[in-house]
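Participant:
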Amino acid sequence: MICTRSTSRRTPVLLATLSLLLLGGCATQSPSLLIPIGQAPAGATTVDLLAITTRAPSEVPGEIYSGERSRDVSGRIIEVSIPPVHQRGRVELPSSPNPDPETEFAAVSVETATPEQAWDWFEAQETDGRLLIFVHGYNVRFADAVFSLAQITEDLPVVAAPVLFSWPSRGALLGYLYDRESATFARDAFEMVLTEAVESENVSQITILAHSMGSWITMETLRQMSIRNGRLSDKIVDVVLAAPDLDIDVFEQQFLALGEERPYFTFLVSRDDRALGLSRLLAGREQRLGSIDPSEEPFRSRIEATPRVAVIDLSEVAGTDAARHSKFSGSAEMLDFARRTMEQNAQATNERTPIGELAGAVIVTLGLGVAQLSD
Numbered sequence: 004m005i006c007t008r009s010t011s012r013r014t015p016v017l018l019a020t021l022s023l024l025l026l027g028g029c030a031t032q033s034p035s036l037l038i039p040i041g042q043a044p045a046g047a048t049t050v051d052l053l054a055i056t057t058r059a060p061s062e063v064p065g066e067i068y069s070g071e072r073s074r075d076v077s078g079r080i081i082e083v084s085i086p087p088v089h090q091r092g093r094v095e096l097p098s099s100p101n102p103d104p105e106t107e108f109a110a111v112s113v114e115t116a117t118p119e120q121a122w123d124w125f126e127a128q129e130t131d132g133r134l135l136i137f138v139h140g141y142n143v144r145f146a147d148a149v150f151s152l153a154q155i156t157e158d159l160p161v162v163a164a165p166v167l168f169s170w171p172s173r174g175a176l177l178g179y180l181y182d183r184e185s186a187t188f189a190r191d192a193f194e195m196v197l198t199e200a201v202e203s204e205n206v207s208q209i210t211i212l213a214h215s216m217g218s219w220i221t222m223e224t225l226r227q228m229s230i231r232n233g234r235l236s237d238k239i240v241d242v243v244l245a246a247p248d249l250d251i252d253v254f255e256q257q258f259l260a261l262g263e264e265r266p267y268f269t270f271l272v273s274r275d276d277r278a279l280g281l282s283r284l285l286a287g288r289e290q291r292l293g294s295i296d297p298s299e300e301p302f303r304s305r306i307e308a309t310p311r312v313a314v315i316d317l318s319e320v321a322g323t324d325a326a327r328h329s330k331f332s333g334s335a336e337m338l339d340f341a342r343r344t345m346e347q348n349a350q351a352t353n354e355r356t357p358i359g360e361l362a363g364a365v366i367v368t369l370g371l372g373v374a375q376l377s378d
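For any residue, its number in the working numbering is found by taking its place in the sequence shown, counting from 1, and adding 3.
(1) With distance defined between alpha-carbon atoms, name the residue in Pro301, Ser334, Glu204, Arg303 nearest to leucine 317.
(2) For glutamate 114, which of Ile38, Val143, Leu225 has the nearest alpha-carbon?
(3) Can you look up glycine 174 in the DSSP assignment and give me helix, strand or coil?
(4) Of all the beta strand (DSSP E) runs that stay within the bounds of the region 95–150, which reach a length of 3 or more residues?
(5) Assess contact between the region 227–236 and the region 110–129, defined as three or more Cβ pairs (one per stretch) separated by less than 8 Å. Is contact present?
(6) Would you mind reading off the limits of the alpha helix (DSSP H) that contains aspartate 316?
(7) What three-state label does DSSP hand arginine 265 in the structure shown?
(8) Using a Cβ distance threshold of 8 Å, determine whether the region 160–180 contacts the region 189–200, with at least three qualifying pairs required.
(9) How many whole angstroms separate the CB atoms of arginine 79 and alanine 116, which I take to be in contact at a CB cut-off of 8 Å?
(10) Note the first and the last residue of the continuous alpha helix (DSSP H) segment covering threonine 198.
(11) Just mark alanine 308 as buried or exposed, buried being the case when its beta carbon has 16 or more other beta carbons within 10 Å.
(12) Going by DSSP, name the residue or residues bridged to leucine 77.
(13) Let me know the secondary structure DSSP gives alanine 349 once reduced to three states.
(14) Provide the residue(s) that pair with isoleucine 251 in DSSP beta bridges, ordered along the chain.
(15) One question on the structure: do serine 172 and asparagine 205 come within less than 9 Å of each other, judged by their Cβ atoms?
(16) Ordered along the chain, which non-local residues of its own chain (more than five positions away) have a Cβ less than 8 Å from that of isoleucine 67?
(17) Throw me the rounded Cβ distance for the serine 84 and proline 104 pair, which I believe falls under 8 Å.
(18) Pull up the distance between the alpha-carbon of leucine 159 and that of leucine 285, whole angstroms please.
(19) What does the alpha-carbon distance come out to for the pair histidine 139 and glutamate 319?
(20) Who are the Cβ neighbours of phenylalanine 150 in its own chain at under 8 Å, not counting the five residues just before and after it?
(21) Excluding the five sequence neighbours on either side, which residues of its own chain have a C-beta within less than 7 Å of the C-beta of serine 185, listed in chain order?
(22) Below 8 Å on the Cβ atoms is my contact criterion, and I expect methionine 216 with aspartate 248 to pass it. Report the Cβ-Cβ distance as a whole number of Å.
(23) What does the Cβ neighbour count give for glycine 46, buried or exposed, with the cut at 16 atoms within 10 Å?
(24) Closest by CA to valine 240, which one among Ile55, Pro102, Arg133, Asp75?
(25) One question on the structure: do threonine 210 and leucine 244 come within less than 9 Å of each other, judged by their Cβ atoms?
(26) Can you give me the C-alpha to C-alpha distance between alanine 189 and threonine 57, rounded to a whole angstrom?
(27) Can you tell me whether DSSP reads isoleucine 295 as helix, strand or coil?
(28) Excluding five sequence neighbours on each side, which residues of the same chain lie with their C-beta closer than 6 Å to the C-beta of proline 87?
(29) For valine 242 and isoleucine 220, I'd like the C-alpha separation in whole angstroms.
(30) Using C-beta distances below 6 Å, list every residue in its chain close to isoleucine 155, excluding the 5 sequence neighbours before and after it, in chain order.
(31) For the beta strand (DSSP E) holding threonine 224, just list the boundary residues, first then last.
(32) By alpha-carbon positions, which one of Leu281, Asp75, Thr224 ends up nearest to alanine 260?
(33) Have a look at serine 236 and serine 207 and give me their C-alpha separation to the nearest angstrom.
(34) So, using beta-carbon positions, are valine 272 and proline 310 closer together than 9 Å?
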């Protein structure tokens, strides 16, 4: 009896560990990838981005920031070279600290950014005051986050200054619980960043794109901003949660705290997301927001009854990563849908409309080359 009970208690932990190892077969093991190459090759495109972080600085050349926590908020302005052979939806990561910029992403320059220098950088961007703030997920090193935002900026026709908020993820498969605590640790710093942005006369519009565990930071930060100020700023127009690693009950409480005058919300979900399946196992089998079936009850009725919300179901879209967790940026079909929708909007109006409103439907199902709309 004792042995049987003990084995039963350990089973979820053993399964979770095995799942981590299996998913980690193709996980990025990033070396020092941000050693500047000085100049992009002919035929390459470049992306200038601002990285703001609560990570501790690293003494390892080219790593810039480690996975340890820092109470200080610091920044870097980074120019990233996108190789001439780049395929949309992919990040051609360097295989060594000496990247081949003809075939791999590479850092052209990495500069320290004081708050004043960060604002100078923003004012130099031709985006009419628009910001795209990307909050990465679990098991992500600093270089991976930088290259991910560069890829998103390159592959989507977003007219917005790209800003990375990088919280201190350990960048390790078995660091899930550490990362969860680090996500909570980063809330106040993210609120400070958002507050400075909404209070600036130079910022006209903010879109937040959060992936996986980054959705936790985003929702917690928006919740405490709404409670502190009585409402959210109108400048935060769009919040996109991609594969959100959120307990549904907790999310509902966070969402309700935002009040009626909240931003547009777009949820990118997929039922075959293996990483969220593992998260569900670790969370006592509680459903994760990013893996719901929006066509089934009670989710469909809740979605349809909630204004300023759209759900894009990517379950039928092939993933490019083993965990099927990054379809939001790795799926050509998702990128094509976003580009097509934005181009149609640009032809119809000069105004920039939130992506949740652009979808034109409550639920959009991508797959088999067809976008099925439900409104």
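We put the beta carbon where it would ideally sit given N, CA and C, even for glycine.
Facilitator: With the given structure in hand:
(1) Ser334
(2) Ile38
(3) coil
(4) 109–115, 133–138
(5) no
(6) Run containing aspartate 316: none in the alpha helix (DSSP H); it sits in the beta strand (DSSP E), 312–319.
(7) coil
(8) yes
(9) 6 Å
(10) 190–202
(11) exposed
(12) For the record, residue 77 in the displayed sequence is serine; it is not leucine. Its beta-bridge partners are Thr56.
(13) Any reading at alanine 349 is ruled out, since the residue's pLDDT is 43, under 50, leaving its predicted position unreliable.
(14) DSSP, once it has assigned bridges, lists no residue as partnering isoleucine 251.
(15) no
(16) Leu37, Pro60, Ser61, Arg79, Val113, Phe145, Ala146
(17) 5 Å
(18) 34 Å
(19) 23 Å
(20) Leu36, Val83, Val94, Leu96, Phe108
(21) Arg72, Trp170, Pro171, Ser172
(22) 5 Å
(23) exposed
(24) Arg133
(25) no
(26) 7 Å
(27) coil
(28) Gly46, Ala47
(29) 12 Å
(30) Ser332
(31) Taken as a continuous stretch (DSSP letters only), threonine 224 belongs to no beta strand (DSSP E), being part of the alpha helix (DSSP H) at 217–232.
(32) Thr224
(33) 11 Å
(34) no
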